[in-house]
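Asker: First the structure, which I've put down as structure tokens, then a few questions once you've had a look.
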Amino acid sequence: MEKTYQIQMFGNFSIRCNDAVLESNFGRMQQVWNFFEYLLVHRKESVSQSTLIEVLWPDEQSDNPSNALKNLAYRLRTLLASAFPDEDRPFIVYHRGSYSWNSHIGCILDTEAFESAVKRSSQQGITSEEKSALLNEAIGLYVGMLLPRSTREQWVVPLRTYYHYMFLQAVDAAAALLFEREQFEQVISICEKAIALEPYEEHLHGLLIQALASANRHTAALDHYYRVTNMFYNDLGIKVSSEITKLYNQIAKSVSHVEADLSVIEENLRSTAKHKGAFYCDYETFKSIYCSQSCMIARSGQSIFVVLLTISDYNGAVPSTNILTAAMDTLKTVICGSLRKSDIVTRFSPTQYILLLSYLTSENCDMVLKRVLARFSQEYRLPTVKVHTTHCPVVPVT
16 MEKTYQIQMF GNFSIRCNDA VLESNFGRMQ QVWNFFEYLL VHRKESVSQS
66 TLIEVLWPDE QSDNPSNALK NLAYRLRTLL ASAFPDEDRP FIVYHRGSYS
116 WNSHIGCILD TEAFESAVKR SSQQGITSEE KSALLNEAIG LYVGMLLPRS
166 TREQWVVPLR TYYHYMFLQA VDAAAALLFE REQFEQVISI CEKAIALEPY
216 EEHLHGLLIQ ALASANRHTA ALDHYYRVTN MFYNDLGIKV SSEITKLYNQ
266 IAKSVSHVEA DLSVIEENLR STAKHKGAFY CDYETFKSIY CSQSCMIARS
316 GQSIFVVLLT ISDYNGAVPS TNILTAAMDT LKTVICGSLR KSDIVTRFSP
366 TQYILLLSYL TSENCDMVLK RVLARFSQEY RLPTVKVHTT HCPVVPVT
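So the sequence shown is numbered by this note's numbering: it starts at 16 and just counts up by one.
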């Protein structure tokens, strides 16, 4: 029986045949895998040495690229032979100055199956059920971005963009069919899978919110909107689009519940006010509170300070993502736990928090900030980041 090798290009790269599996690992093997991945993407053609050298060493980082390429081919053949000892044919063929995957060895790439399913779903003459089945097949094959461990390889970037766009098209088309049939729970399931893979694709969140609302799960739709707005602002420092906001407003207006008992409303408000420490809110809410406070102090004469805290490394640059995330989370916990309930906190950018501190003098404000910084130093012990603080009084609005 002819062997067929199943090759996964989406998510973590792997090749398997029956019970034998070879999964990618990097480190010193990085270039071996790059070489293998490129041959597989172009498996229906022979790739010249000059092309491979240009792809694998684009900045001419090898003193003798021809010998380096021969070494990669040898290491790859050895690796494949070790993983699949029952295969008596060479996987990689060299002929007249070019390398290629052995065309006599059958293989199925998930990328090719994915692309085929998407394209067949657009053919004329197929039923909506057939189209839906093909789209679901494609969506099931896309388990992550193309070759995620080769993100720095220039040749991978356009292919990754191509498949990413095709995946979003498949989700859109599948959702449209399901909306027509009013199968909203299935739309929700597809969108949740897609969002798990592409969490910052705003259009997917819009589809999910729409599907939740269509399924009469209005509370879940509104909750998801709040999560998305916070995620986009906290992680990316941007607001969601006006289309998402309009969708939110439509859903909010459609909720028909009316509470006639004011005491019930007051109890709900009071339970919200039972938070411990400073009040943390989104930036839009912070701006509204700031405007209200600046108008109030024009009449009361009390002092309020606005404070900016910024995290950087010791060279003044933005820390790496992992370090920044941990430091910002720790700083938020310290701020909220160190301040009073009347103080307001928001995240202004990926590296900054803004505070609104009331009933303080400039000297008191300095003392509060020293306390915050001291607690942050105790909680975050890695000497990789620094917190910069500036503050000024709120100017009364007259």
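Glycine included, every Cβ here is placed at the ideal spot set by N, Cα and C.
Tell me the DSSP secondary structure of Y178 in three-state form.
Answerer: The count along the sequence shown starts at 1 and reaches residue 178 at position 163. Of the three classes helix, strand and coil, the one that applies to Y178 here is helix, per DSSP.
Asker: Where N117 and L174 are concerned, what is the direct C-alpha to C-alpha distance, given to the nearest angstrom?
Answerer: Here residue 117 corresponds to residue number 102 of the sequence shown, with the count starting at 1. Here residue 174 corresponds to residue number 159 of the sequence shown, with the count starting at 1. Rounded to whole angstroms, N117 to L174 spans 23 Å at the Cα level.
Asker: Can you tell me the Cα-Cα spacing of A275 and K146, whole angstroms?
Answerer: The sequence position of residue 275 within the sequence shown is 260, counting from 1. The sequence position of residue 146 within the sequence shown is 131, counting from 1. Below a pLDDT of 50, predicted positions are generally treated as unreliable, and A275, at 49, falls in that range; no measurement from the model is reported.
Asker: Taking contact to mean at least 3 C-beta pairs separated by less than 8 Å, is the region 122–135 in contact with the region 71–91?
Answerer: In short, these stretches do not touch, since the Cβ pair count stays below three.
Asker: If you draw a straight line from the C-alpha of L192 to the C-alpha of L222, how long is it?
Answerer: Position 177 of the sequence shown, counted from the start, is the residue given in the question as residue 192. Position 207 of the sequence shown, counted from the start, is the residue given in the question as residue 222. Between L192 and L222, the C-alpha separation is close to 13 Å.
Asker: Can you say whether S392 is buried or exposed, counting buried as having 16 or more other CB atoms within 10 angstroms of its CB?
Answerer: Residue mapping note: residue 392 aligns to position 377 of the sequence shown, counting from 1. Exposed: under 16 other Cβ atoms inside 10 Å.
Asker: What are the boundary residues of the alpha helix (DSSP H) that H406 is part of?
Answerer: By 1-based counting over the sequence shown, the position of residue 406 is 391. Careful: H406 lies outside any alpha helix (DSSP H), inside the beta strand (DSSP E) at K401 to P408.
Asker: On the CB-based measure, 16 or more other CB atoms within 10 Å of its CB, does N82 come out buried or exposed?
Answerer: Start at 1 with the first residue of the sequence shown, and residue 82 comes out as number 67. N82 should be labelled exposed.
Asker: How many angstroms separate the CA atom of Q21 from the CA atom of D238?
Answerer: Within the sequence shown, the letter at position 6 stands for residue 21. Within the sequence shown, the letter at position 223 stands for residue 238. So the alpha carbons of these two residues sit roughly 41 Å apart.
Asker: Pairing CB atoms from the region 297–317 with CB atoms from the region 328–347, are three or more of them under 8 Å?
Answerer: Result no; under three Cβ-Cβ pairs closer than 8 Å.
Asker: Compare the beta carbon distance of I359 and I319 with 7 Å and say whether it is the shorter of the two.
Answerer: Translated into positions along the sequence shown, residue 359 becomes position 344. Translated into positions along the sequence shown, residue 319 becomes position 304. For I359 and I319, no; Cβs fall outside 7 Å.
Asker: Am I right that I205 and A190 are in contact with their C-beta atoms under 8 Å? What's the rounded C-beta distance?
Answerer: What you label residue 205 is simply residue 190 of the sequence shown in a count that begins at 1. What you label residue 190 is simply residue 175 of the sequence shown in a count that begins at 1. About 6 Å separates the two Cβ atoms, so the contact holds.
Asker: For A226, which residues of its own chain have a beta-carbon under 7 Å away from its beta-carbon, when the five flanking residues on both sides are left out?
Answerer: As a first step, residue 226 must be located in the sequence shown, where it is residue number 211. Around A226: F199, V202, I203 and C206.
Asker: Exposed or buried, V410, counting other C-beta atoms within 10 Å across all chains shown (16 or more means buried)?
Answerer: Residue mapping note: residue 410 aligns to position 395 of the sequence shown, counting from 1. Exposed, because fewer than 16 other Cβ atoms sit within 10 Å of the Cβ of V410.
Asker: When you compare the CB positions of K401 and Y329, do they come within less than 7 Å of one another, or not?
Answerer: Working through the sequence shown from its first residue, we reach residue 401 at position 386. Working through the sequence shown from its first residue, we reach residue 329 at position 314. Cβ atoms of K401 and Y329: closer than 7 Å.
Asker: Three Cβ pairs or more, each shorter than 8 Å: is that satisfied between the region 99–117 and the region 54–68?
Answerer: Contact between the region 99–117 and the region 54–68 is present, because at least three Cβ pairs lie under 8 Å.
Asker: Cα separation between A185 and L156?
Answerer: For this step, residue 185 is matched to residue 170 along the sequence shown. For this step, residue 156 is matched to residue 141 along the sequence shown. Taking the straight line from one Cα to the other gives about 11 Å.
Asker: Does DSSP put A275 in a helix, in a strand, or in coil?
Answerer: Working through the sequence shown from its first residue, we reach residue 275 at position 260. Legend: pLDDT at A275 = 49, less than 50; position of this residue unreliable, value from coordinates given subsequently. If DSSP states are grouped into helix, strand and coil, A275 belongs with coil.
Asker: For R386, count neighbouring Cβ atoms within 10 angstroms of its own Cβ and tell me buried if that reaches 16, exposed if not.
Answerer: Locating residue 386 in the sequence shown gives position 371, counting from the first residue. Classification of R386: exposed, given that the 10 Å Cβ count is below 16.
Asker: Taking DSSP as the reference, what is the three-state secondary structure of G140?
Answerer: Residue numbering aside, residue 140 sits at position 125 when the sequence shown is read from its first letter. Reduced to three states, the DSSP call for G140 is coil.
Asker: Please look up how many angstroms separate the CB atoms of E217 and I259, rounded, as I've assumed it's under 8 Å.
Answerer: Within the sequence shown, the letter at position 202 stands for residue 217. Within the sequence shown, the letter at position 244 stands for residue 259. Their Cβ separation, rounded to whole angstroms, is 7 Å, which keeps E217 and I259 in contact under 8 Å.
Asker: Out of curiosity, what's the CA-to-CA distance linking R251 and I224?
Answerer: As a working mapping, residue 251 is identified with position 236 in the sequence shown. As a working mapping, residue 224 is identified with position 209 in the sequence shown. Residue 251 is actually Leu in this sequence, not Arg. Using only the alpha carbons, I get a separation of about 20 Å.
Asker: Based on the DSSP secondary-structure assignment, which residues constitute the bridge partners of A96?
Answerer: Stepping through the sequence shown from its first residue, residue 96 is reached at position 81. DSSP lists no partner for A96.
Asker: Use the C-beta contact count for I350: other C-beta atoms within 10 angstroms, 16 or more gives buried, fewer gives exposed.
Answerer: For the purposes of this step, residue 350 is taken as the residue at position 335 of the sequence shown. Buried, by the Cβ-count rule.
Asker: With G121 as the anchor, note down where its beta strand (DSSP E) starts and where it stops.
Answerer: In the sequence shown, the residue the question calls residue 121 occupies position 106. Residues G121 to L124.
Asker: Quick test of your reading: T366 and T325, contact by CB under 8 Å. State the CB separation rounded to the nearest angstrom.
Answerer: Residue numbering aside, residue 366 sits at position 351 when the sequence shown is read from its first letter. Residue numbering aside, residue 325 sits at position 310 when the sequence shown is read from its first letter. Right, the Cβ-Cβ distance comes to about 6 Å (below 8 Å), so this counts as a contact.
Asker: Rounded to a whole number of angstroms, what is the C-alpha to C-alpha distance between N40 and P163?
Answerer: Position 25 of the sequence shown, counted from the first residue, corresponds to residue 40. Position 148 of the sequence shown, counted from the first residue, corresponds to residue 163. Roughly 12 Å between the two C-alpha positions.
Asker: Below 7 Å between beta carbons: does that hold for L84 and L95?
Answerer: Residue mapping note: residue 84 aligns to position 69 of the sequence shown, counting from 1. Residue mapping note: residue 95 aligns to position 80 of the sequence shown, counting from 1. Not closer than 7 Å, so no.
Asker: Taking just the CA atoms, how far does L55 sit from D125?
Answerer: The residue labelled residue 125 in the question sits at position 110 within the sequence shown. The residue labelled residue 55 in the question sits at position 40 within the sequence shown. Spanning the two alpha carbons is a distance of roughly 11 Å.
Asker: Compute the Euclidean distance between the alpha carbons of A188 and L150, then round it to the nearest angstrom.
Answerer: Within the sequence shown, numbered from 1, the residue matching residue 188 stands at position 173. Within the sequence shown, numbered from 1, the residue matching residue 150 stands at position 135. One C-alpha to the other measures close to 8 Å.
Asker: P73 to A148, Cα distance in whole Å?
Answerer: Position 58 of the sequence shown, counted from the start, is the residue given in the question as residue 73. Position 133 of the sequence shown, counted from the start, is the residue given in the question as residue 148. Approximately 42 Å, taken between the alpha carbons.
Asker: If you drop the 5 nearest sequence neighbours on each side, which residues of the same chain put their C-beta closer than 7 Å to that of L262?
Answerer: For the purposes of this step, residue 262 is identified with residue 247 of the sequence shown, where counting begins at 1. Only G221, I224 and Q225 meet the Cβ criterion.
Asker: With F129 and A153 assumed to form a contact (beta carbons below 8 Å), what rounded beta-carbon distance in angstroms separates them?
Answerer: In the sequence shown, residue 129 corresponds to position 114, counting from 1. In the sequence shown, residue 153 corresponds to position 138, counting from 1. The pair is a contact, with the Cβ atoms about 5 Å apart (cut-off 8 Å).
Asker: Skipping 5 residues on each side, what residues in its chain have a beta carbon closer than 8 Å to that of H119?
Answerer: Taking the first residue of the sequence shown as position 1, residue 119 is located at position 104. If we look at H119 and ignore the five residues flanking it on each side, its Cβ neighbours are R104.
Asker: Per DSSP, what kind of secondary structure is V412 in: helix, strand or coil?
Answerer: As a first step, residue 412 is located in the sequence shown; it is residue number 397 there, counting from the start. If DSSP states are grouped into helix, strand and coil, V412 belongs with coil.
Asker: Tell me whether P334 is buried or exposed, calling it buried when 16 or more other Cβ atoms sit within 10 Å of its Cβ.
Answerer: Sequence index remark: in the sequence shown, residue 334 carries index 319 (1-based). The residue in question, P334, is buried, as its Cβ has 16 or more Cβ neighbours within 10 Å.
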